[in-house]
Amino acid sequence: MSLLDPLFRQHLDRLDQRHTRRTLLPVRPEGAGRIRRGGRTLLNFSSNDYLGLASHPRLVERACDWAQRWGAGATASRLVCGTLELHAEVEAKLARQKGTEAALLFNSGWQANAAILPALFDRELLGGDALVFTDRLNHASLHHGCAAAGVRQIRFRHNDLDHLDSLLAQRAGEPGTRFIVTESVFSMDGDRADVPALAALAERHGAFLFLDEAHATGVLGPRGMGLAALGGGRVDLAMGTFSKALGGFGAYVAGSGALCDYLVNRCGGLIYATALPPAVLGAMDAALDLVPTLDAERARLQAMAERLRAAFHGLGIATAGSSTQIVPAITGAEEDALALSRRLEERGILGIAIRPPTVPPGTSRLRFALSTAHTDADLETLVSAVADAWSPQ
Ligand SMILES: Cc1ncc(COP(=O)(O)O)c(C=O)c1O
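Here the sequence shown is numbered in the working numbering, starting from 56 and rising by one per residue.
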């Protein structure tokens, strides 16, 4: 019993009343887009394993091989003796594929965002304040990074670059370094930022452009390496993860050599954390080899998403601005999302309800994420199950 248990319980009771309490439900992967949960096999439309690489033999083999050859752990932080030759090799491969001068690995996407933003907004670096313009639907880790830096975000309406432009113009006379912080693919809506237009805006207003490519890496852009490449060299920092389409774990920053060297010196999340272990690096390395070869799989993924959106629209289900492998079915109310999720589970489908604070109040949804591990028949099973389970709100 901890001192605060009565307060924890009260808080959990409040969450129960609002239908927003979360619980951890263990699952077992069953291959090809399926998992076992609560004694049943379910078609899994809730993972971020967009290319089915989490169970790809090449990733598993290289992870095992590198662990066997170099051990289970990196034994220290990057700056002590944790930088193995393997880290440097994976970073060089990644920089080549992203087309940037340099790249730097981080232990997770959350950790990267939470730690990099405070390092960038450092007053000693900038010689003054940071003026930080952020998309309203940015991921929680980006909000966390801003909060940790103590900056007040200047939020623009989701993907509304006219609004961003006007906010930048309004502040034109103020001192401070401008930053635009946004995502190339939004995790809950599945829509994309207009990267060329963002890059042009950043150029015009002299702003540093930070792009989170967590859900684009592996899936979109030239050779599947994300949408930052569409920014014509004007994306200052692209971060992304290995934990979603790349099937493994960990994150990266791609950008200039000076940026990466600066982060090595000033980014607490890199300096004070044990380096990624060899098995994780092995999976990263194999994923980087595979991703450029998967154009046909990427095209199929987007065709499946197109089919799902069309089916949902036919049923009168709104899919927000989705134009990627992430297709939300918006229910609005929390309890409707939970009820639909339950009805789908009864029909053998895992579709997790996403509720506030992950999404804005009144926009609860089921977030369906497609994977090349799904067959066309799996997709049709999903469509029929939703048609059967959906009751107009
Ligand atoms: C946009 C975005 N950025 C960062 C992260 C965090 O990445 P990771 O899961 O590797 O910690 C996520 C994960 O959900 C995300 O959706």
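Positions of the beta carbon are idealized from the N, C-alpha and C atoms, including for glycine.
beta-carbon residue i near ligand 1 non-hydrogen atom, thresh 7 Å
i              : result
threonine 296  : yes
asparagine 168 : yes
serine 101     : no
glycine 164    : yes
alanine 306    : yes
histidine 218  : no
aspartate 249  : no
glutamate 179  : no
glutamate 258  : no
glutamate 238  : yes
serine 132     : no
alanine 269    : yes
histidine 368  : no
histidine 194  : yes
serine 242     : yes
Nearest-angstrom Cα separation, counted from residue j out to residue i
i              : j                 : result
arginine 471   : threonine 348     : Here the chain comprises residues numbered 56 to 448, so residue 471 is not present and cannot be evaluated.
isoleucine 381 : alanine 300       : 12 Å
aspartate 249  : asparagine 214    : 8 Å
leucine 292    : glycine 286       : 11 Å
proline 61     : aspartate 71      : 15 Å
leucine 48     : glycine 245       : As shown, the chain starts at 56 and ends at 448. That puts residue 48 outside it, with no answer to give.
aspartate 443  : glutamate 401     : 11 Å
valine 308     : aspartate 220     : 26 Å
alanine 417    : alanine 388       : In the sequence as displayed, the identity of residue 417 is glycine instead of alanine. Each residue's alpha carbon lies about 6 Å from the other.
leucine 222    : phenylalanine 211 : 8 Å
arginine 259   : alanine 269       : 26 Å
serine 196     : glutamine 166     : 8 Å
serine 110     : leucine 181       : 44 Å
glutamate 229  : valine 206        : 15 Å
leucine 425    : serine 101        : 8 Å
valine 290     : glutamate 390     : 40 Å
alanine 129    : glutamate 144     : 15 Å
threonine 329  : glycine 371       : 49 Å
arginine 69    : arginine 76       : 8 Å
valine 82      : glycine 94        : 9 Å
alanine 252    : threonine 155     : 20 Å
proline 333    : glycine 369       : 48 Å
glutamate 116  : glycine 337       : 8 Å
serine 396     : leucine 405       : 7 Å
glycine 312    : glycine 295       : 17 Å
leucine 192    : aspartate 340     : 31 Å
glycine 88     : alanine 408       : 18 Å
glutamate 435  : histidine 142     : 42 Å
alanine 157    : isoleucine 209    : 29 Å
histidine 199  : isoleucine 171    : 11 Å
Residue i classed as buried or exposed, judged by whether at least 16 other C-beta atoms fall within 10 angstroms
i                : result
asparagine 162   : buried
phenylalanine 63 : exposed
aspartate 267    : buried
threonine 379    : buried
methionine 56    : exposed
leucine 175      : buried
glycine 302      : buried
threonine 374    : buried
leucine 325      : buried
tyrosine 105     : buried
asparagine 320   : exposed
methionine 439   : It should be pointed out that residue 439 corresponds to serine in this sequence rather than to methionine. Per the 10 Å Cβ criterion, exposed.
glutamine 152    : buried
histidine 453    : The requested residue 453 is not part of the displayed model; the chain covers only 56 to 448.
serine 446       : exposed
leucine 30       : The shown model of the chain, from 56 to 448, leaves out residue 30, and the question about it has no answer.
threonine 189    : buried
leucine 343      : buried
request  = Jot down the residue ranges of each uninterrupted beta strand (DSSP E) in the stretch 71-151, minimum 3 residues, whole runs only, in chain order.
outcome  = The stretch 71-151 contains these whole beta strand (DSSP E) runs: 89-92 and 95-99.
Under 8 Å, with one C-beta from each stretch per pair, do the stretch 350-367 and the stretch 274-292 reach the 3-pair mark? The answer is yes - the stretch 274-292 touches the stretch 350-367, with three or more Cβ pairs under 8 Å.
Which runs of the beta strand (DSSP E) fall wholly inside the stretch 363-433 and span at least 3 residues, in chain order?
Counting whole runs of 3 or more residues, the stretch 363-433 contains the beta strand (DSSP E) stretches 381-387 and 419-424.
Decide yes or no for the touch test of the stretch 226-238 against the stretch 258-267: beta carbon pairs closer than 8 Å, at least 3 of them.
A contact between stretches requires three or more CB pairs, one per stretch, nearer than 8 Å, and the stretch 226-238 meets this requirement with the stretch 258-267.
For this session: With a floor of 3 residues, list each beta strand (DSSP E) that falls wholly inside the stretch 289-314, ordered by position along the chain.
Result: Counting only runs of 3+ residues, the beta strand (DSSP E) found wholly inside the stretch 289-314 occupies 292-296 and 306-310, in chain order.
Item to check | Every unbroken alpha helix (DSSP H) inside the stretch 172-235 [4 residues or more] | outcome: Every alpha helix (DSSP H) of 4 residues or more that sits fully in the stretch 172-235 is shown, in chain order, as 178-181, 195-204 and 216-225.
Check your understanding: Three or more C-beta pairs closer than 8 Å, one from the stretch 116-127 and one from the stretch 423-441: is that the case here?
Key -> Below 8 Å, too few C-beta pairs join the stretch 116-127 and the stretch 423-441 to call them touching: fewer than three.
**Asked** Quick check: the stretch 129-145 against the stretch 356-369, are there 3 or more CB pairs under 8 Å?
**Response** No, the stretch 129-145 is not in contact with the stretch 356-369.
Quiz prompt | Meets three-Cβ-pair contact criterion under 8 Å: the stretch 360-368 and the stretch 143-150 | solution = Counting Cβ pairs under 8 Å, fewer than three are found: no touch.
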